[in-house]
Amino acid sequence: MMSALALLGGEKCKSKPFPPWPQYDEREEQALKNVLESRVWWRTPGTQTLEFERAFARFHGAAYGIAVTNGTAAIEVTLAALGIGPGDEVIVPDFTFIATASAVLFAGALPVLVDVDPHTYCVDPAAVEAAITPRTKAIIAVHMGGHPADLDALVDISRKHGLPLVEDCAHAHASEWRGRKIGTFGTAGTFSFQSSKTMTAGEGGIIITNDAEFERLARSTHDCGRMPGEWFYSHFIYGSNYRLSEWQGAVLNVQLTRLDEQTRQRDQNGRLLDDLLVEIEGIVPQMRDKRCTRNGHYGYIFHYDARAFGGLPIGRFIEAVNAEGIPTQASYAPLHDMDVFTSGAYRKRLSGEQATAEHPFLHQPFPNTMKAAWETVWIPQYALLGDEQDMYEVAAAISKVQQHAKELQ
Ligand SMILES: Cc1ncc(COP(=O)(O)O)c(C=O)c1O
24 MMSALALLGG
34 EKCKSKPFPP
44 WPQYDEREEQ
54 ALKNVLESRV
64 WWRTPGTQTL
74 EFERAFARFH
84 GAAYGIAVTN
94 GTAAIEVTLA
104 ALGIGPGDEV
114 IVPDFTFIAT
124 ASAVLFAGAL
134 PVLVDVDPHT
144 YCVDPAAVEA
154 AITPRTKAII
164 AVHMGGHPAD
174 LDALVDISRK
184 HGLPLVEDCA
194 HAHASEWRGR
204 KIGTFGTAGT
214 FSFQSSKTMT
224 AGEGGIIITN
234 DAEFERLARS
244 THDCGRMPGE
254 WFYSHFIYGS
264 NYRLSEWQGA
274 VLNVQLTRLD
284 EQTRQRDQNG
294 RLLDDLLVEI
304 EGIVPQMRDK
314 RCTRNGHYGY
324 IFHYDARAFG
334 GLPIGRFIEA
344 VNAEGIPTQA
354 SYAPLHDMDV
364 FTSGAYRKRL
374 SGEQATAEHP
384 FLHQPFPNTM
394 KAAWETVWIP
404 QYALLGDEQD
414 MYEVAAAISK
424 VQQHAKELQ
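Residue numbers (this note's numbering): 24 to 432.
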């Protein structure tokens, strides 16, 4: 008899496709055409990227926005503007995309990796505080999958120790903590507009801030060390070219008009999935802290316990659910396990004593990161733009794989 599982030739659970991503309509087409015909394609004399910086900052309750080439660059420029360099340490969660740590290395500083909370998978404030040394110069928090890190505790730690807090908001456009948008709880919030993000121009990034002096330095850093109103060929501080093009600014202006409604939809579907998936033995959705008043949901994250699926390995589970027409993917690997750290290659960016010193944090067990990295499954954000029926089909697919798990052994 043929199996019911789509992976083994059965019928898929998914009855209709999820909405496509990225989304666009004639407004993006018109905006791109307008840039084309204006013959102003670059940031400096342009209006589109400037307008976008202001609109995106306003949307998040920030006074300033500095658009940059991508989300990695947003962190690099932020660290440069904070004056972070050789000999310094920056605290970074072990569970994140490599950019959060590589930007620190790019500054010539050491990313000190710390474990995350076992339920929200966001950086653990107690671990942050324990990792502070006289060399610590900043803390970077990541709002994992769109769920804010514990900003109450992190802001307290940052004030108590006089350390700037940077929010890596690459997953969290429009997320809220206690009714306030993320991105301005610390000195700066950095965002990505790479293709998989909840709004996109293919590539792109932005830094938002309420700190006028930080803004002055970050803006100058992103534009070759120039200062506003000064001669084009005068350069005042060390900088580089991180400017975003007018094409991207034009597309992002339109993408931003959809963000609020799309976030409402993702958040609503995320809550529905929380209710549906918690009923399935062995599945535990990422915990939602009560203070998270809106989850921007770059991804929907859940913990998978193979024991409730007859020992089915997570990779095979993902394959089976994908075959049912539900896009799911594995998580990030722990940073401390990456070749760049295990091979010692990261030391090439360090200097002085730091380049040869033992870095004991690399030999810590990071139990919560290990769980987040190897036992969680992600549903990409565009699936949360589906309707209620789509969410029921997600749950049905997971239950079906559970029922038939033995056939996959
Ligand atoms: C947590 C996190 N930080 C930073 C980035 C870097 O963004 P980008 O790919 O735009 O450089 C990403 C995404 O790709 C990310 O997921």
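Built from N, CA and C at the ideal position, the CB exists for glycine as well.
(message) Using a Cβ distance threshold of 8 Å, determine whether the stretch 348-363 contacts the stretch 413-426, with at least three qualifying pairs required.
(response) Contact holds: three or more Cβ-Cβ distances are below 8 Å.
(message) Pull the bridge partners of residue 433 from the DSSP assignment, please.
(response) Because the chain in this structure spans residues 24 to 432, residue 433 falls outside the shown range and cannot be described.
(message) Using a Cβ-Cβ cutoff of less than 6 Å, which residues in the same chain neighbour residue 274 once the five nearest sequence positions on both sides are dropped?
(response) Closer than 6 Å at Cβ, skipping near neighbours: 51 and 224.
(request) Check whether the Cβ of residue 168 sits closer than 7 Å to any heavy atom of ligand 1, and report yes or no. (result) In this structure, the C-beta of residue 168 stays at least 7 Å away from each heavy atom of ligand 1.
(message) Using a Cβ-based criterion (distance less than 7 Å to any ligand heavy atom), does residue 520 qualify as near ligand 1?
(response) Since the first and last residues shown for the chain are 24 and 432, residue 520 lies out of range.
(request) Could I get the ranges of all uninterrupted beta strand (DSSP E) runs contained in the stretch 167-240, with 3 residues as the minimum, in chain order? (result) Annotation: the stretch 167-240 contains the following complete segments of the beta strand (DSSP E) (minimum length 3 residues), in chain order: 188-191, 211-215 and 228-232.
(message) Can you give me the C-alpha to C-alpha distance between residue 315 and residue 426, rounded to a whole angstrom?
(response) Roughly 34 Å between the two C-alpha positions.
(message) Does the contact criterion of 3 or more C-beta pairs under 8 Å hold for the stretch 132-147 versus the stretch 378-392?
(response) They touch, by the three-pair rule.
(message) For the stretch 142-154 against the stretch 107-123, do three or more pairs of beta-carbon atoms, one drawn from each stretch, fall closer than 8 Å, so that the two count as touching?
(response) Judged by Cβ distances under 8 Å, the stretch 142-154 makes contact with the stretch 107-123, as three or more pairs qualify.
(message) In whole angstroms, give me the CA-to-CA distance for residue 87 and residue 326.
(response) Residue 87 and residue 326: Cα-Cα distance of roughly 37 Å.
(message) Tell me the rounded alpha-carbon separation between residue 253 and residue 262.
(response) Straight-line Cα distance between these residues: approximately 15 Å.
(message) Using a Cβ-based criterion (distance less than 7 Å to any ligand heavy atom), does residue 123 qualify as near ligand 1?
(response) Between ligand 1 and the CB of residue 123, the shortest heavy atom gap is smaller than 7 Å.
(request) Whole angstroms is fine: what's the gap from residue 271's alpha carbon to residue 63's? (result) Distance between the alpha carbons of residue 271 and residue 63 is about 12 Å.
(request) Provide the residue span of the alpha helix (DSSP H) that contains residue 112, from first to last. (result) Where residue 112 is concerned, there is no enclosing alpha helix (DSSP H), although the beta strand (DSSP E) it sits in stretches over 112-116.
(request) Give a single yes or no on whether residue 193 has its beta carbon closer than 7 Å to a heavy atom of ligand 1. (result) Residue 193 Cβ: within cutoff of ligand 1.
(request) Have a look at 43, 205 and 38 and flag the residue whose alpha-carbon is nearest the alpha-carbon of residue 405. (result) Cα-wise, what sits closest to residue 405 is 43.
(message) In the DSSP assignment, the beta strand (DSSP E) including residue 323 goes from what residue to what residue?
(response) Counting along the chain, the beta strand (DSSP E) containing residue 323 begins and ends at 322-327.
(request) Ignore the nearest five residues each way along the sequence and tell me which others in residue 78's own chain have a CB closer than 7 Å to its CB. (result) 276 and 279, listed in sequence order.
(message) Going residue by residue through the stretch 25-72, where are the continuous alpha helix (DSSP H) segments of at least 4 residues, counting only ones entirely within it?
(response) Within the stretch 25-72, the complete alpha helix (DSSP H) segments at least 4 residues long are 49-61, listed from N- to C-terminus.
(message) Within 10 Å of its beta-carbon, does residue 264 have 16 or more other beta-carbons around it, so buried, or fewer, so exposed?
(response) It is exposed - the Cβ of residue 264 has fewer than 16 other Cβ atoms within 10 Å.
(request) Look up residue 162 in the DSSP assignment and give the residues it is bridged to. (result) Bridge partners of residue 162: 114 and 188.
(request) Kindly examine ligand 1 and report whether one of its heavy atoms sits closer than 7 Å to the Cβ of residue 278. (result) Not so, every heavy atom of ligand 1 lies at least 7 Å from the Cβ.
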